[in-house]
Amino acid sequence: MARRNRVEIPEAREALERFKFEVANEIGVPLKKGYNGDLTSYQNGSVGGYMVKKMIQDAEKRMAGQQ
49 MARRNRVEIP EAREALERFK FEVANEIGVP LKKGYNGDLT SYQNGSVGGY
99 MVKKMIQDAE KRMAGQQ
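Each number in the working numbering comes from the position in the sequence shown (counting from 1) with 48 added on.
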């Protein structure tokens, strides 16, 4: 099976993994390392969606010069 979710900057992979677990913890999704097939699509989607939301907020702050 081909891996579709590739990281554009390989050095960022570890930081993205940490960010994913941080977000999952914030929203109460019991994400764990390895297999997470016991989680619902909604739970997994919530993690990804919230990650995107936080990244957009960060980018907007940077563009506005508010870091």
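Each residue gets a CB set at the ideal place from its N, CA and C atoms; glycine is no exception.
All of these numbers come straight from a predicted model, not from anything done at the bench.
* **Neighbourhood of Ala-72 by C-beta, 6 Å cutoff - its chain only, sequence neighbours within 5 removed** => Leu-79 and Val-95
* Asked: Using the C-alpha atoms, what's the distance from Arg-110 back to Met-103?
  -> 11 Å
* To do: Can you grab the Cα-Cα spacing for the pair Ala-112 / Tyr-98, in whole Å?
  => Their Cα atoms are separated by approximately 21 Å.
* Rounded to the nearest angstrom, how far is the Cβ of Leu-87 from that of Val-77, given a contact under 8 Å? -> Contact between Leu-87 and Val-77 is confirmed by a C-beta separation of about 7 Å, below the 8 Å threshold.
* In the structure shown, what three-state DSSP assignment does Pro-58 receive? -> helix
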